Each structure stands twice: as structure tokens, then as C-alpha cells.
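Remarks on the structure that follows.
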Amino acid sequence: MSSKDFWVEHLAVGANRQTAVADWSRTGLLAYGADCNIALWRPAANPPRGVFKLLNGHKETVKALTFLPEVEHDPSTYFISGSDDKAIVVWKSAEDGQDFKLLQTATEHAGPVNCVAALRVAADQPKWIVATGAADATVKVWSFENDNLQLVQSVNTAPKYFPLSLSLSTLGADHGAYILASAGTRDVIQILTAEARAGEIQFSLQATLGGHEGWLRCLSFSRETNGPDSDLLLASASQDKYIRIWRVHQGKELPALAAKGSDPSGSAFMPGKSPSNKAHWLRVAEQDFSVTFEALLLGHEDWIYSAKWHSQADGKLRLLSASADNSLAIWEADPGSGIWVSMVRLGEISREKGATTATGSTGGFWTGLWSPDGRSIACLGRTGSWRRWEYDVSGDAWRPCVAISGHTKAVTGISWSKDGGFLLSTSSDQTTRLHMKWKGSGTWHEMSRPQIHGYDLNCIDSLGSSQFVSGADEKLMRVFGEPRAVATMLSRLGGIDGANVADMPDAANMPVLGLSNKAIDALDDDQEIQPVDDRDRDAIDPASIVKKSYLDIGHPPLEETLSRHTLWPETEKLYGHGYEISCLAASHDGKLIASACRASSINHAVIRIFETEKWTELRPPLAAHSLTATRLRFSSDDRYLLSVGRDRQWAVFERGAGEDGSIQYQLLQSNAKGHSRMILDAAWAPSPAPLFATAGRDKQVRIWSLSKQDGAEAKPQFVQVAALASDGPATSVDFSTRTVGNKHILAVGTESGRVSLCAVAEDGTSVLELPTSPELVLPKAALQLAWRPANKDGTEAKHELAVAGEDSSLRLYGFGEGYFKEQKQP
Numbered sequence: 041m042s043s044k045d046f047w048v049e050h051l052a053v054g055a056n057r058q059t060a061v062a063d064w065s066r067t068g069l070l071a072y073g074a075d076c077n078i079a080l081w082r083p084a085a086n087p088p089r090g091v092f093k094l095l096n097g098h099k100e101t102v103k104a105l106t107f108l109p110e111v112e113h114d115p116s117t118y119f120i121s122g123s124d125d126k127a128i129v130v131w132k133s134a135e136d137g138q139d140f141k142l143l144q145t146a147t148e149h150a151g152p153v154n155c156v157a158a159l160r161v162a163a164d165q166p167k168w169i170v171a172t173g174a175a176d177a178t179v180k181v182w183s184f185e186n187d188n189l190q191l192v193q194s195v196n197t198a199p200k201y202f203p204l205s206l207s208l209s210t211l212g213a214d215h216g217a218y219i220l221a222s223a224g225t226r227d228v229i230q231i232l233t234a235e236a237r238a239g240e241i242q243f244s245l246q247a248t249l250g251g252h253e254g255w256l257r258c259l260s261f262s263r264e265t266n267g268p269d270s271d272l273l274l275a276s277a278s279q280d281k282y283i284r285i286w287r288v289h290q291g292k293e294l295p296a297l298a299a300k301g302s303d304p305s306g307s308a309f310m311p312g313k314s315p316s317n318k319a320h321w322l323r324v325a326e327q328d329f330s331v332t333f334e335a336l337l338l339g340h341e342d343w344i345y346s347a348k349w350h351s352q353a354d355g356k357l358r359l360l361s362a363s364a365d366n367s368l369a370i371w372e373a374d375p376g377s378g379i380w381v382s383m384v385r386l387g388e389i390s391r392e393k394g395a396t397t398a399t400g401s402t403g404g405f406w407t408g409l410w411s412p413d414g415r416s417i418a419c420l421g422r423t424g425s426w427r428r429w430e431y432d433v434s435g436d437a438w439r440p441c442v443a444i445s446g447h448t449k450a451v452t453g454i455s456w457s458k459d460g461g462f463l464l465s466t467s468s469d470q471t472t473r474l475h476m477k478w479k480g481s482g483t484w485h486e487m488s489r490p491q492i493h494g495y496d497l498n499c500i501d502s503l504g505s506s507q508f509v510s511g512a513d514e515k516l517m518r519v520f521g522e523p524r525a526v527a528t529m530l531s532r533l534g535g536i537d538g539a540n541v542a543d544m545p546d547a548a549n550m551p552v553l554g555l556s557n558k559a560i561d562a563l564d565d566d567q568e569i570q571p572v573d574d575r576d577r578d579a580i581d582p583a584s585i586v587k588k589s590y591l592d593i594g595h596p597p598l599e600e601t602l603s604r605h606t607l608w609p610e611t612e613k614l615y616g617h618g619y620e621i622s623c624l625a626a627s628h629d630g631k632l633i634a635s636a637c638r639a640s641s642i643n644h645a646v647i648r649i650f651e652t653e654k655w656t657e658l659r660p661p662l663a664a665h666s667l668t669a670t671r672l673r674f675s676s677d678d679r680y681l682l683s684v685g686r687d688r689q690w691a692v693f694e695r696g697a698g699e700d701g702s703i704q705y706q707l708l709q710s711n712a713k714g715h716s717r718m719i720l721d722a723a724w725a726p727s728p729a730p731l732f733a734t735a736g737r738d739k740q741v742r743i744w745s746l747s748k749q750d751g752a753e754a755k756p757q758f759v760q761v762a763a764l765a766s767d768g769p770a771t772s773v774d775f776s777t778r779t780v781g782n783k784h785i786l787a788v789g790t791e792s793g794r795v796s797l798c799a800v801a802e803d804g805t806s807v808l809e810l811p812t813s814p815e816l817v818l819p820k821a822a823l824q825l826a827w828r829p830a831n832k833d834g835t836e837a838k839h840e841l842a843v844a845g846e847d848s849s850l851r852l853y854g855f856g857e858g859y860f861k862e863q864k865q866p
């Protein structure tokens with residue numbers, strides 16, 4: 041299969057909110073845990089491109105990841121990941137350096153793995169020490185050599201704490217002594233040391249450092265200078281809102297600062313407290329070392345999740361901290377006094393008042409990473425999105441750059457705009473996102489976040505080029521219209537021409553206490569923002585006021601803009617259902633919306649139809665099912681409405697006219713035994729003769745065609761003309777809007793995550809499964825599939841398939857015409 045015939049167009053997935061979930065290698069590759077996948081991204085790529093690969097080796101949420109320090113002249117790159125599935129996986133780069141293969145899986149831990157640390161034993165040898173900490177209250181030490189990970193030692197931390205962070209380093213000038221710092225769900229840091237004896241390494245506890253007053257989230261060792269006799273510095277980040285720096289000094293004499301007994305807090309004022317200056321002594325490899333408290337860093341207003349060192353080429357040491365207060369800080373020691381000061385502050389400083397970790401918010405920045413050269417930093421925020429800044433030498437400032445974003449929970453619904461210009465996705469993470477190709481670079485990006493909700497979102501459909509409807513775990517549907525600022529930006533960046541922008545509201549935002557996005561006027565840059573009255577239910581958060589310049593940009597919007605300034609105003613609410621909305625569909629002409637809700641009785645399992653001119657319900661509702669309807673689909677000419685449900689039946693309704701001339705759908709046919717288990721999805725073929733496919737939990741995909749019945753009075757009926765067995769419960773199906781030759785192209789997704797393509801005869805009587813690509817396999821269920829509508833001019837000879845995954849991923853695959861033509865019957 042040639043690369044011209046199959047390619048990955050776009051991968052979007054958010055990062056797991058964990059401090060140890062990501063690492064940035066010296067080769068410029070950033071890897072992070074995304075649900076049970078590992079996502080690979082090159083932040084410095086030009087033009088900016090998102091995730092280029094998703095690795096699948098874990099069964100549950102990935103929590104920890106670290107690259108092994110590279111060996112000079114060794115082309116291989118390794119990293120180790122740990123997950124809630126209690127497994128540790130070793131990955132090795134493929135020959136092309138772009139991909140990684142799973143090398144080994146270790147399952148010695150009895151609890152979820154929270155943290156991983158690694159140290160190269162010798163500068164010129166591919167040999168490493170690896171430490172892993174897990175919720176089984178153990179730290180396990182491993183040796184990695186010759187592509188083999190072996191358990192060396194298990195250190196029990198119970199009943200004191202569960203490890204959340206580890207850091208490893210060599211002690212002294214030679215490589216024969218090692219130090220391991222471990223901390224977690226207590227306010228102390230354990231210092232363990234080891235020496236290499238006859239190749240064996242055994243760590244023993246030598247000191248316990250106190251002083252913090254909350255859990256410790258991150259530990260990081262670094263040499264103070266490039267000199268061979270340099271002291272070792274340890275930074276510890278805690279939920280007590282402070283960072284502490286500790287000095288590890290070789291020799292029987294204490295370092296100058298500790299010996300003088302000077303105040304290590306650097307004149308910081310802490311009421312009622314005096315930071316302890318007690319020296320802790322270590323003895324390893326017949327050498328003496330002291331560990332003393334060096335400095336207390338104050339400045340963050342909430343929990344500190346991460347603190348990472350970076351040593352510049354000139355030997356200058358800097359510390360990057362990330363906090364739940366929505367800010368990053370870069371700390372440097374003042375050359376004159378040695379006091380650590382915050383030189384740079386980035387992020388959204390104190391903007392979200394009241395949304396602190398103390399009130400249960402999972403806000404802020406979860407981790408901060410340095411690029412290999414220290415000229416760029418990336419941080420992971422509470423929305424699962426990355427932000428990135430690059431240092432601009434000429435302006436002596438850190439400039440924000442285009443980064444990546446994605447859903448953080450199962451992607452439950454996807455829908456293309458009617459002309460195929462953009463893709464909408466909705467998710468259990470309570471957001472709706474708009475993805476589009478940036479014509480300036482040819483790469484896909486999230487361009488707008490139209491809906492940020494208080495309920496899990498279940499389904500979505502486009503009503504045209506500038507309107508959509510969504511359904512959530514609430515009894516109503518919400519209709520959204522595009523604002524002028526977003527329409528103008530999409531036109532500029534993607535060449536999409538929406539409806540008449542003169543009729544659109546400027547922008548939208550959400551009241552502090554509400555679920556409905558309100559239309560607002562955008563402000564000029566010189567207009568002042570009025571202070572907010574917290575008692576006003578319709579009060580607007582000042583941070584979400586939209587200024588006209590915010591979306592007047594020549595690149596995809598950054599995360600701060602996406603999450604605040606690209607909302608779409610809500611134009612209608614559609615009521616009528618008694619329970620949570622389960623599925624909805626818009627007619628191809630955008631004039632009707634059909635919807636259903638969760639149901640356990642015939643009364644609630646009805647299908648309601650709303651017209652979009654006056655937004656009224658067309659009565660009576662359509663009755664056919666006795667349990668929840670799982671999918672609704674209009675045929676390409678809107679003549680038929682197909683519904684499938686948990687009661688194992690499908691029903692087809694035919695369009696007609698009521699006595700008053702209004703549109704009315706009547707039950708044409710229902711099949712109570714459509715499948716032997718619940719039907720999960722259905723799709724119409726774009727053929728003149730009515731033809732549809734159903735997908736069921738009985739591992740069957742069935743093709744149904746309208747055929748004439750015997751007898752003059754007999755109405756045509758849908759009958760099964762073909763069936764295809766799948767490797768597991770079939771969860772999703774969709775027909776491409778274009779045929780290849782005289783065949784329909786049907787995509788089928790299963791609960792096991794496999795996406796396969798089938799060639800279906802025009803009359804539906806034969807189904808041939810085409811050979812598939814390994815890229816088309818997800819680690820969890822493919823929840824929905826959507827082929828991109830054909831271009832109006834029909835010039836593009838490619839097919840694009842969007843896949844909504846239960847693994848939080850949204851994937852877009854491209855297929856050339858040759859993909860279907862070259863496939864021979866096996």
C-alpha cells in the first residue's frame with residue numbers, strides 16, 4: 041500500500057492531567073500520555089503540526105513517562121512509560137527515528153505506576169538505572185542494558201506514603217555512587233543512596249528531609265555548575281505552595297551558607313516559621329556528603345505541581361515551576377546575593393479567582409517542560425491542551441507559539457459541516473471543538489471551541505455552514521450560531537466562506553453562573569473592561585470579554601483564546617424529552633432535527649422532530665422503539681428517516697405531507713428482529729435506490745435494500761441483502777458520499793477499536809472487506825465514523841474519514857482513489 045493511497049491527516053488528543061505524564065527528549069521529540077495512548081509531537085516543527093503518531097501499549101491511563109538519557113553516537117532513543125494498568129513499558133525508536141516500537145512490558149508493580157526516573161550509568165555505555173514508583177507503596181529499581189529491563193530492587197514506602205515523584209543522580213565526580221530522592225503523599229522527602237559493587241546496585245535510606253507541609257508532586261536533581269566538583273541541587277515542589285531547594289555537598293565540612301547559619305529563605309517572610317537548617321549526613325562509597333536546606337521559593341498562590349531544572353550551555357542554572365494558580369515561573373539565582381528570584385512569569389496570573397484546588401477545581405498547569413536547548417518551554421493545562429513559548433532574543437521576551445489541543449475523555453459525536461469545510465467533535469469532557477485545515481501550512485488545528493458545557497455531551501450535527509445542534513446529559517438540545525469574529529477568522533485561515541457575517545453577533549461568552557452562551561459585542565482594544573458584580577447571575581467574567589483584536593490573527597488560536605474567545609452564542613433550546621438526549625440528526629437541507637432520549641418504556645422512546653424555521657416540534661412524535669434509540673439518520677434526499685435502538689430493532693419512517701401541508705413522517709416499516717442483540721449504529725448509502733447498513737452488538741453488519749413485494753397492493757419493503765461478520769461488536773458505520781467505480785465504500789468500527797473499509801455492490805448484494813492498515817486500529821472502541829462530504833466541484837480525488845474514539849482521540853485519515861482500486865479480493 042503506497043503512502044499516496046493512505047495517510048494520517050490529523051490526530052487530536054489531550055494529555056492526561058498528571059505531573060509526570062510527559063517528557064521532552066534531546067532530539068526535540070515531546071511524548072505525553074493521552075488516555076491509554078502515548079502521543080508523539082515535535083513542538084519546534086515548522087510549519088506547526090500536531091501529534092504525528094499515537095502509540096498503543098497500555099490498557100489504561102498513562103501517568104508517567106521519561107526518556108532515557110541518550111548515549112552519544114547511539115542512534116536509538118528509548119523511553120519508559122507507566123500506567124494505571126500497573127505495567128511499565130519500554131519503547132525504542134524505529135530506524136527512521138519517527139516511530140517507536142514496544143520493546144518490553146514489565147508487570148512487577150501491584151498498583152498504578154505514578155512516576156519514572158532514569159539515569160545513565162556511564163557516559164559512553166548504553167546502560168541505565170531506572171526507578172519507578174507506584175500506588176502499591178513501592179519504589180522499584182531496575183537495570184536496563186542490551187534492550188532488557190531487569191528488576192534489581194524493591195523498596196517499600198508503606199505505610200508512610202505512596203510515591204508520586206522520583207529523581208536520580210550520580211553522587212560525586214565519579215559514576216560509582218548514586219542518589220535517589222523519593223516523595224509523594226506525605227510532606228517528607230526520602231533520600232536513598234547506592235554504590236555499584238560488582239555491578240550490583242542496592243539503595244538504602246539515608247535521610248528524611250522535612251519542612252514541606254503538603255504532598256510533594258515533583259523532585260528534580262541538577263548539578264549547580266558544569267565543574268567536576270560541583271554540588272548537587274534538589275528542587276522539591278509541593279502542594280503547600282512552596283518550592284524548596286536542597287544542596288548535596290561532598291566532604292565533612294558544610295557548604296558556606298549552611299555553615300554560617302544564614303536564613304536560607306532568602307529574606308522570605310513566613311509567619312511563625314523558621315526554615316530548619318539541620319544538616320543531614322550521607323555516607324556512600326566511603327565518602328561523606330551533607331544535605332542542607334538551601335532556599336525557599338515563594339510566589340505561587342496555589343499548589344505547585346512541577347519544578348524542573350535546566351542547565352544552559354554557559355553553565356547557568358534555571359528552574360521552571362508550574363502551578364495550579366495558572367502560571368509558570370522561571371527562577372534564577374541572583375549572581376551577587378545567591379538569592380533565588382522569579383525572573384519570568386507566564387500564563388494567566390490570578391485570573392480565575394475562586395477556582396482553586398482547595399475548592400475542588402482541577403485547574404492550573406500540571407507540568408512544565410524545557411526544550412533541549414532551553415529556548416522554549418511547554419506546559420500542560422487543565423483542559424489537556426499544551427501551551428508553548430519561545431524565547432525571542434531580539435525582544436528579550438518569551439513569545440507564545442501555536443501548540444496542540446484535544447479532548448480528554450471519550451469523543452462521543454462528530455459531524456462535518458454540510459460543505460465539508462470543517463469538522464465538529466463533541467465529548468464526555470463537556471466541550472465541542474471545531475477542527476479545520478490551516479491553508480497557510482496545510483496542517484489541521486482546533487480553530488474554535490464553540491461550546492463549553494456543564495454536562496457530558498453525547499451527540500452533534502451540523503445545520504449548515506454556520507449553525508449546529510448538540511445534545512447532552514440533559515433533557516434539551518441547544519442550537520448554536522457562528523459569531524462574526526470566528527466566521528472571519530475561519531475565512532481568513534481556512535478559506536471558508538460562511539453565511540452573511542453582517543447578520544451575525546460579534547462574539548459570545550458564558551455568564552459566571554450559567555450554561556447558555558450569550559451573544560455579546562466585541563470591544564475595541566482601547567475600551568476599558570468594567571469590574572464584575574459577583575451577585576449578578578448574568579455577570580460576565582471579565583477574562584472572557586472579547587476584544588476585536590483577539591481573533592484578528594494569522595495563525596490558529598492559542599489555548600487561552602480557544603477556551604475564552606471562540607465560543608458560539610446559543611440561539612435556541614429545544615425541549616420535549618423526559619431524559620438525557622441519546623442521539624440526534626439534522627436533515628441534509630438543515631430544515632429538520634430528529635432526536636431521541638434515553639428510555640426504558642415506549643412512552644419515552646419516541647423520536648421527536650423539530651423544524652428549524654420557527655423551532656417548533658412537529659407532532660405527533662414518532663413511535664416505534666421500546667428502549668433507547670441509539671442512532672438516527674436521514675437518507676441523502678431526506679425522504680426517509682432511519683432509527684435503530686437497544687431493543688434490537690430498526691425502523692424506517694417515510695416523509696409525507698400532513699392535512700395542513702406540513703411535513704410529516706409516517707412509519708413505513710419496522711423490523712423487531714433486525715439483529716439478535718442491540719443495534720448501535722446505522723448509515724444510508726448515497727445511492728438512488730434506498731440502501732442502508734446497520735451495526736450491532738451481535739458482531740454483524742447487515743445491508744438492507746428496498747425491494748418490491750409480490751402482489752399488486754403490496755408496498756415495497758426493506759429486506760436484508762447481505763451481511764458482514766466483524767471481529768467484535770460493531771459500534772459504528774458510515775458510507776462515503778462518493779462511490780468508487782460502481783461500489784459504495786462503507787467504513788465499519790468495532791468495540792475492539794478496529795476500523796475496516798468494505799466495498800459494497802450498488803444493489804447491496806455483496807460486501808467485500810478491503811485489507812486494512814495497522815494505523816486503523818484504536819486501543820478502545822471506535823464510537824463514531826464520518827466521511828467528509830464530497831467537494832461541490834468534485835475535483836479532489838481523495839476520501840477522508842474522521843474517527844471518534846473512546847480513547848479520547850479524534851483521528852482523520854486520508855485515502856487516495858488507488859487505495860480502493862488496487863485492493864484485490866483475497
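When we follow the working numbering, the leftmost residue of the sequence shown carries the number 41, and every step to the right adds one. Ideal placement from N, C-alpha and C gives every residue a C-beta, glycine not left out. Since the structure is predicted, the reported quantities are computational estimates derived from the model, not experimental observations.
Straight-line Cα distance separating residue j from residue i
{"i": "THR59", "j": "GLU840", "result": "36 angstroms"}
{"i": "PRO728", "j": "PHE140", "result": "46 angstroms"}
{"i": "LEU220", "j": "HIS98", "result": "27 angstroms"}
{"i": "GLN33", "j": "THR472", "result": "Lying before the first or after the last residue shown, residue 33 is absent from the chain, which here runs from 41 to 866."}
{"i": "PRO440", "j": "ARG428", "result": "6 angstroms"}
{"i": "LEU232", "j": "ALA325", "result": "13 angstroms"}
{"i": "LEU503", "j": "PHE462", "result": "13 angstroms"}
{"i": "HIS50", "j": "TYR615", "result": "36 angstroms"}
{"i": "LYS449", "j": "THR423", "result": "11 angstroms"}
{"i": "SER676", "j": "HIS644", "result": "27 angstroms"}
{"i": "ALA733", "j": "GLY90", "result": "34 angstroms"}
{"i": "HIS485", "j": "LEU530", "result": "11 angstroms"}
{"i": "GLN470", "j": "ASN266", "result": "48 angstroms"}
{"i": "GLY339", "j": "LYS132", "result": "40 angstroms"}
{"i": "ALA213", "j": "HIS493", "result": "56 angstroms"}
Limits of the unbroken beta strand (DSSP E) element including residue i
{"i": "HIS289", "result": "283 to 290"}
{"i": "ALA335", "result": "327 to 337"}
{"i": "GLU869", "result": "Nothing about residue 869 can be read from this structure; the chain reaches only from 41 to 866."}
{"i": "ASN498", "result": "497 to 502"}
Exposure of residue i, with buried meaning 16 or more beta-carbon neighbours within 10 Å
{"i": "SER702", "result": "exposed"}
{"i": "LYS103", "result": "buried"}
{"i": "THR805", "result": "exposed"}
{"i": "HIS113", "result": "exposed"}
{"i": "ASP124", "result": "buried"}
{"i": "GLY394", "result": "Reliability fails at GLY394, whose pLDDT of 42 lies under 50, so the model's placement of it is uncertain and the value that follows must be treated cautiously. With fewer than 16 Cβ atoms within 10 Å of its Cβ, GLY394 is classed as exposed."}
{"i": "ARG226", "result": "buried"}
{"i": "ASP847", "result": "buried"}
Proximity of residue i and residue j at Cβ, strictly below 7 angstroms
{"i": "ALA735", "j": "ALA770", "result": "yes"}
{"i": "ALA664", "j": "SER710", "result": "yes"}
{"i": "VAL788", "j": "VAL773", "result": "yes"}
{"i": "ALA722", "j": "VAL684", "result": "yes"}
{"i": "GLN706", "j": "GLY696", "result": "yes"}
{"i": "GLY854", "j": "LEU818", "result": "no"}
{"i": "ALA247", "j": "VAL181", "result": "no"}
{"i": "ALA547", "j": "ILE560", "result": "yes"}
{"i": "VAL761", "j": "ILE743", "result": "yes"}
{"i": "ALA223", "j": "THR197", "result": "no"}
Where the alpha helix (DSSP H) through residue i begins and ends
{"i": "GLY534", "result": "524 to 534"}
{"i": "HIS605", "result": "599 to 605"}
Residue-chain proximity (residue i, chain B), Cβ-Cβ < 7 angstroms
{"i": "ASP432", "result": "Protein chains in the displayed structure number just one, and chain B is not present."}
Integer-rounded CB distance, given that residue j should sit under 8 angstroms from residue i
{"i": "ALA52", "j": "GLY446", "result": "4 angstroms"}
{"i": "GLU651", "j": "LYS631", "result": "6 angstroms"}
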